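Heads up: the sequence lines are chains Y and V, in that order.
Residue numbers for the first sequence, in this note's numbering: 1 to 110.
Residue numbers for the second sequence, in this note's numbering: 1001 to 1113.
Quick reminder that beta carbons are idealized off the backbone N, C-alpha and C, glycines included.
Here the structure is a predicted model, which means the values were calculated and not measured.
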Amino acid sequence: DAKTTQPPSMDCAEGRAANLPCNHSTISGNEYVYWYRQIHSQGPQYIIHGLKNNETNEMASLIITEDRKSSTLILPHATLRDTAVYYCIVKIQGAQKLVFGQGTRLTINP
Amino acid sequence: DGGITQSPKYLFRKEGQNVTLSCEQNLNHDAMYWYRQDPGQGLRLIYYSQIVNDFQKGDIAEGYSVSREKKESFPLTVTSAQKNPTAFYLCASNRGTGGKTQYFGPGTRLLVL
C-alpha cells in the first residue's frame, strides 16, 4: 500500500508557482522521497528525489520538512504542459518496487 | 536516443486468447519492470527482473508470464487466466541495485473484445 497522502486535485494559474504537498508521516530513515508525474495516457516521468536536504533541478524543487514527515514539490513557473497527475513515493534506495498511490491531479489554467 | 519502447500502442484481445506485449530498452539497464494501471488508479507491479534469465513476481502476477532472455528485452504475456486484462501496461527499467530512478516506456493499452 502507498505510504503517502496527497490531495486528489489542485488547480494553479499559468505562470504561477505550483506547490504540491505530500504527507509521509511513517517514513523510515533510509527511505527517499521521489516525485513522478504522468501526463494523460503516457508513461510516468521522473521529476526529482531527496532524502532530507532540499533539492532543485531544472524541472522542480523539493522541500522536505526537518522531521521528514512531509514534503512539497514546487514547479516555479507552471505552464499548461505541466497539467498531469503527480505522484509522491517513498522508497528505500535500491528497492525494486515503486508503490504508486492515486496522486494529485494538477490542472494548470490559462 | 536511448530509451524504452513498447509495442503495440493499442492491442485488442479476444476472450481466451494469450497476447504478448513487447518492451525493449537500449539504456543498458540491468533491471526491468512491468506495471499495470487501471483507470484513475496508480500503478501496480506485475513482474520485475534484476538480471537476465531471472525474474520475480510483483503484487499482481496471477494471469501473467514474462521472460528475460536478453538484457534489452522483457516481454509480458497476458494469458487467458487473467480475467480482467483491460488496462494500461507500462514497462520500466533502471540500473538495478543502487539505481535510483526508473524510466518508463510510453505504455500499451490492452482492450478485450
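Shortest alpha-carbon distance to residue i belongs to which of the options?
i: Y46 (chain Y); options: Y:H24, Y:E31, Y:Q6 and Y:L73; result: Y:L73
i: R1068 (chain V); options: V:L1076, V:V1052 and V:A1061; result: V:V1052
i: E66 (chain Y); options: Y:T83, Y:G29 and Y:I39; result: Y:G29
i: Y1047 (chain V); options: V:Q1037, V:G1058, V:P1039 and V:Q1041; result: V:G1058
i: E31 (chain Y); options: Y:N109, Y:N54 and Y:G50; result: Y:G50
i: N1026 (chain V); options: V:G1105, V:T1020 and V:N1084; result: V:G1105
i: L1113 (chain V); options: V:V1019, V:S1007, V:T1005 and V:I1004; result: V:V1019
i: H1029 (chain V); options: V:A1092, V:R1109, V:L1110 and V:P1085; result: V:A1092
i: F1074 (chain V); options: V:F1055, V:A1061, V:F1088 and V:N1084; result: V:F1055
i: T5 (chain Y); options: Y:I39, Y:A60 and Y:S25; result: Y:S25
i: L20 (chain Y); options: Y:A78, Y:I92 and Y:I27; result: Y:A78
i: Q42 (chain Y); options: V:T1101, V:Y1089 and V:R1095; result: V:Y1089
i: V99 (chain Y); options: Y:W35, Y:C12 and Y:G15; result: Y:W35
i: E1072 (chain V); options: V:N1094, V:S1065 and V:I1060; result: V:N1094
i: S70 (chain Y); options: Y:Q102, Y:P76 and Y:K52; result: Y:K52
i: S61 (chain Y); options: Y:C12, Y:A18 and Y:K3; result: Y:A18
With DSSP as the reference, identify every bridge partner of residue i, one or two as the case may be.
i: I92 (chain Y); result: Y:E31
i: S1049 (chain V); result: V:M1032
i: P21 (chain Y); result: Y:T72
i: D67 (chain Y); result: Partner(s): none; D67 (chain Y) has no beta bridge.
i: K1070 (chain V); result: V:S1073
i: D1054 (chain V); result: V:I1051
i: I1004 (chain V); result: V:Q1025
i: N1018 (chain V); result: Looking at the DSSP assignment, N1018 (chain V) forms no beta bridge with any residue, so it has no partner.
i: T5 (chain Y); result: Y:N23
With a cut-off of 7 angstroms, does the C-beta of residue i fall near any C-beta of chain V?
i: Y86 (chain Y); result: no
i: K97 (chain Y); result: yes
i: G101 (chain Y); result: yes
i: G43 (chain Y); result: yes
Which residues bound the beta strand (DSSP E) around residue i?
i: H54 (chain Y); result: Here residue 54 (chain Y) is Asn; the residue named in the question, His, does not match the sequence. No beta strand (DSSP E) holds N54 (chain Y); DSSP gives it neither H nor E.
i: N109 (chain Y); result: T104 to N109
i: T1108 (chain V); result: T1108 to V1112
i: D11 (chain Y); result: S9 to A13
i: L1027 (chain V); result: Careful: L1027 (chain V) lies outside any beta strand (DSSP E) and carries neither H nor E.
i: A1081 (chain V); result: Note, A1081 (chain V): premise wrong, no beta strand (DSSP E); not H, not E.
i: F100 (chain Y); result: Neither: F100 (chain Y) is in no beta strand (DSSP E) and is coded neither H nor E.
i: S1093 (chain V); result: A1087 to N1094
Looking at the C-beta of residue i, does it have a partner C-beta in chain Y at a distance below 7 angstroms?
i: Y1048 (chain V); result: yes
i: T1101 (chain V); result: yes
i: P1106 (chain V); result: yes
i: G1042 (chain V); result: yes
i: L1110 (chain V); result: no
i: L1045 (chain V); result: yes
i: L1116 (chain V); result: Nothing in the structure corresponds to residue 1116 (chain V), since chain V is present only between 1001 and 1113.
i: L1011 (chain V); result: no
i: L1090 (chain V); result: yes
Under 8 angstroms: do the stretch 1007-1015 of chain V and the stretch 1026-1043 of chain V share three or more Cβ pairs, one atom per stretch? no
Check whether the stretch 70-90 of chain Y and the stretch 103-110 of chain Y touch, using three or more Cβ-Cβ pairs below 8 angstroms as the test. yes
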